[in-house]
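The structure under discussion appears below in the form of structure tokens.
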Amino acid sequence: MTLFVGYRLRKRMVSTTEFLQAGRSLPAIVTGIAFVAANCGALEVMGMVSTGAKYGARANHFYWVGAIPAMLFLSLFMMPIYHRSRVRSVPEFLKMRYGEATRAFNALSFATMMILVSGISLYAMAIILGTLLGWSFTASVLVAGAVVLVYVVLGGLAASIYNEVLQFALIVVGLTPLVFFVLREFNGWQGLAAALSPEMRHTWQGLPVASPLSSAMDGVGNVIGLGFVLSFGYWCTDFLLIQRALAAKNLSAAVQTPLIASIAKLFFPALVVLPGVAAVALFPQGLAERYDVALPNLMARYYSHGLLGLGVTAMLASFMSGMAGNVTAFNTVWTYDIYQAYLARQRSDRHYLKVGRVATIAATLLSIGTAYIVLRFNNLMDYVQLLFSFFNAPLFATFLLGMFTRWATPMGGFVGLVSGTLAAGFHYLAYREGWIPYGSDMTANFYGAICAWTVCFLVTIGVSCVTRRKPVEELEGLVHEPRGGMVENARRNSWIFAGLVVLALIVLNWVFY
Numbered sequence: 080m081t082l083f084v085g086y087r088l089r090k091r092m093v094s095t096t097e098f099l100q101a102g103r104s105l106p107a108i109v110t111g112i113a114f115v116a117a118n119c120g121a122l123e124v125m126g127m128v129s130t131g132a133k134y135g136a137r138a139n140h141f142y143w144v145g146a147i148p149a150m151l152f153l154s155l156f157m158m159p160i161y162h163r164s165r166v167r168s169v170p171e172f173l174k175m176r177y178g179e180a181t182r183a184f185n186a187l188s189f190a191t192m193m194i195l196v197s198g199i200s201l202y203a204m205a206i207i208l209g210t211l212l213g214w215s216f217t218a219s220v221l222v223a224g225a226v227v228l229v230y231v232v233l234g235g236l237a238a239s240i241y242n243e244v245l246q247f248a249l250i251v252v253g254l255t256p257l258v259f260f261v262l263r264e265f266n267g268w269q270g271l272a273a274a275l276s277p278e279m280r281h282t283w284q285g286l287p288v289a290s291p292l293s294s295a296m297d298g299v300g301n302v303i304g305l306g307f308v309l310s311f312g313y314w315c316t317d318f319l320l321i322q323r324a325l326a327a328k329n330l331s332a333a334v335q336t337p338l339i340a341s342i343a344k345l346f347f348p349a350l351v352v353l354p355g356v357a358a359v360a361l362f363p364q365g366l367a368e369r370y371d372v373a374l375p376n377l378m379a380r381y382y383s384h385g386l387l388g389l390g391v392t393a394m395l396a397s398f399m400s401g402m403a404g405n406v407t408a409f410n411t412v413w414t415y416d417i418y419q420a421y422l423a424r425q426r427s428d429r430h431y432l433k434v435g436r437v438a439t440i441a442a443t444l445l446s447i448g449t450a451y452i453v454l455r456f457n458n459l460m461d462y463v464q465l466l467f468s469f470f471n472a473p474l475f476a477t478f479l480l481g482m483f484t485r486w487a488t489p490m491g492g493f494v495g496l497v498s499g500t501l502a503a504g505f506h507y508l509a510y511r512e513g514w515i516p517y518g519s520d521m522t523a524n525f526y527g528a529i530c531a532w533t534v535c536f537l538v539t540i541g542v543s544c545v546t547r548r549k550p551v552e553e554l555e556g557l558v559h560e561p562r563g564g565m566v567e568n569a570r571r572n573s574w575i576f577a578g579l580v581v582l583a584l585i586v587l588n589w590v591f592y
């Protein structure tokens, strides 16, 4: 089915707009599901199950603190600016707001991150196939890479988005029986909670306010590091996600895209965190070395041959969905923001279409290599949050000042972004060398993100105070305006929706406190 979608859409891929932007013609329900599905790859499924196994119910924070607030902010405040500016990519927005230097640095950083994150999907598939079917790691990543390569080359972004919708449905169908079997074995949530230690069964209770040196997680790291810096840095600036909303047919659909996705995020912990928490009780001695095997072990325990096939299909769907999203984001940034901008200007549209397809092949091959890097970590989410602390945390400070002030200067934006990225690198080095001890890798990532964001924010402000601003007329459509006609109308129609999501979020945090 995946290959069929790419084949059916191939004839429409006659321009870069169709291949790299899906013609900006998709309905909100499609882009909304694709928005959340792009985040439902290896990171979401295997990563969050393993995080539940390692950190318990605290993993709920990655949804109820570390996702939904940022998605609502993106929808109500940032999406209208993205759509109004008519940018084709996030680096292109940085060029328009700050200049070429900031765009180039971000384009290279983002392309690097997409290759690294794409490798995670291949790694996750290899773990599933190796545990359940006995396939070798290399054979698994080669087969997975080949399938994704074919349908993205044939169908471009549109094929990727429509397949994400299909694969999201498969993920839900494939994981729902696992939740049922777990709850049946423990006679419901109360029985499962009774089998866990207190720190593993509560989302907030027992969480220290600030204890980074000895606790696996603490309040400051969760609320500021995850809930503000990493969450907003990912959901509000990551082009992999923004690309889905920009493919919507109009402003209203673009604004609705993150709102629709936020509904799924409210309840997704039931599919991934709950089985992970159960794995702690079911395999108390079997997860200490590698938490990423929690999901395949659960599937092997509960699924018969028929259900096992469904479960494996769901997992393969999630991994291909995640990898395809990374690859399409990479080829767009490479084509528009690196190749066209610096290597070959003013070529024909057909030429850039070919370049986009070649970039897809290159991205797939590089991803196979980066899959082996993940073997160095025992939990996918620890690795992913490390990457986000490098690439997304400082970028959010750059966007925050760029979108909501007129005084942030081109030089300030560039120097701040570079400084924040370097700060993340120095912080990680200090942690790995033992100069700064932390209670867990995750806490180190949260505080590293705070460090990177703070350095970028302060340096951008400092440099902007002594360098020349852009003329006001050049900032038209790039900076937030309190009142903006159609933009304001699109926002107004979404406030009630967002308010209901916030209410549901508060209730869930209270129930599972």
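Offset between the sequence shown (1-based) and the working numbering: plus 79. By construction, the Cβ of each residue, glycine as well, lies at the ideal position given by its N, Cα and C atoms.
- In terms of CA proximity to ALA503, ALA528 leads the group ALA577, ALA403, LEU454, ALA528.
- When the beta-carbon positions are compared, GLY111 and THR336 come within less than 8 Å of each other.
- Assigned with DSSP and collapsed to three states, LEU292 falls in coil, not helix or strand.
- Looking at the DSSP output, ALA327 bridges to LEU105.
- When C-beta atoms of the stretch 325 to 341 are compared with those of the stretch 123 to 136, fewer than three pairs fall below 8 Å, so the two segments do not count as touching.
- With a 10 Å radius around the Cβ and a threshold of 16 neighbouring Cβ atoms, ARG280 comes out buried.
- One thing to note: VAL308 has its Cβ no nearer than 8 Å to the Cβ of GLY298.
- In the displayed model, ILE515 falls within coil according to three-state DSSP, outside both helix and strand.
- Annotated three-state conformation of GLU552 is helix, per DSSP.
- Per DSSP, reduced to three states, the secondary structure at VAL222 is helical.
- Assignment of SER154 by DSSP, reduced to helix, strand and coil, places it in the helix class.
- Taking 8 Å as the cut-off, the beta carbon of PHE311 is found closer than this to the beta carbon of PHE152.
- In the three-state scheme derived from DSSP, where H, G and I count as helix and E and B as strand, GLY304 is classed as helix.
- By the CB criterion at 8 Å, ALA116 and PHE318 fall outside the cutoff.
- Taking the C-beta atoms as reference points, LYS133 is found nearer than 8 Å to TYR370.
- For a cut-off of 8 Å, the C-beta gap from TRP143 to LEU587 is around 6 Å, short enough to register as a contact.
- Rounded to whole angstroms, the Cβ separation of MET204 and LEU395 is 6 Å, and the two are in contact under 8 Å.
- At a Cβ-Cβ threshold of 8 Å, MET150 and ALA138 do not count as neighbours.
- Per DSSP, reduced to three states, the secondary structure at SER446 is helical.
- Note that the C-beta distance between HIS506 and LEU330 is not below 8 Å.
- The stretch 461 to 476 makes no contact with the stretch 211 to 223: fewer than 3 CB pairs, one atom from each, lie closer than 8 Å.
- Cβ-Cβ separation between ALA523 and GLY499: approximately 17 Å, too far for a contact (criterion under 8 Å).
- Between LEU432 and THR533, the alpha-carbon positions lie close to 39 Å from each other.
- Residue environment: GLY300 is assigned as buried (16 or more neighbouring CB atoms within 10 Å of its CB, all protein chains considered).
- DSSP, reduced to helix, strand and coil, places SER498 within a helical segment of the structure shown.
- Counting along the chain, ALA183 sits inside the alpha helix (DSSP H) bounded by residues 179 to 212.
- In the DSSP assignment, LEU459 falls within the alpha helix (DSSP H) that extends over 459 to 470.
- Straight through space, the alpha carbons of VAL356 and PHE347 are spaced by roughly 14 Å.
- Under the Cβ criterion (8 Å, minimum of three pairs), the stretch 429 to 444 does not count as touching the stretch 176 to 185.
- With respect to VAL227, LEU353 sits apart: the two C-beta atoms are not nearer than 8 Å.
- Judged by beta-carbon spacing, ASP428 lies beyond the 8 Å limit of PRO170, meaning their Cβ atoms are not closer than that value.
- Straight-line measurement puts the Cα of TYR421 at about 42 Å from the Cα of LEU345.
- Around TYR592, the same chain offers HIS281, THR282, TRP283, GLN284 as residues with beta carbons nearer than 8 Å, after the five sequence neighbours per side are excluded.
- PHE470 and ALA349 have their C-alpha atoms some 29 Å from each other.
- VAL406 and TYR418 do not touch by the CB rule: their CB atoms are close to 16 Å apart, not below 8 Å.
- For the options GLU512, GLY518, ARG426, ARG176, the alpha carbon positioned closest to that of LEU554 is the one of ARG176.
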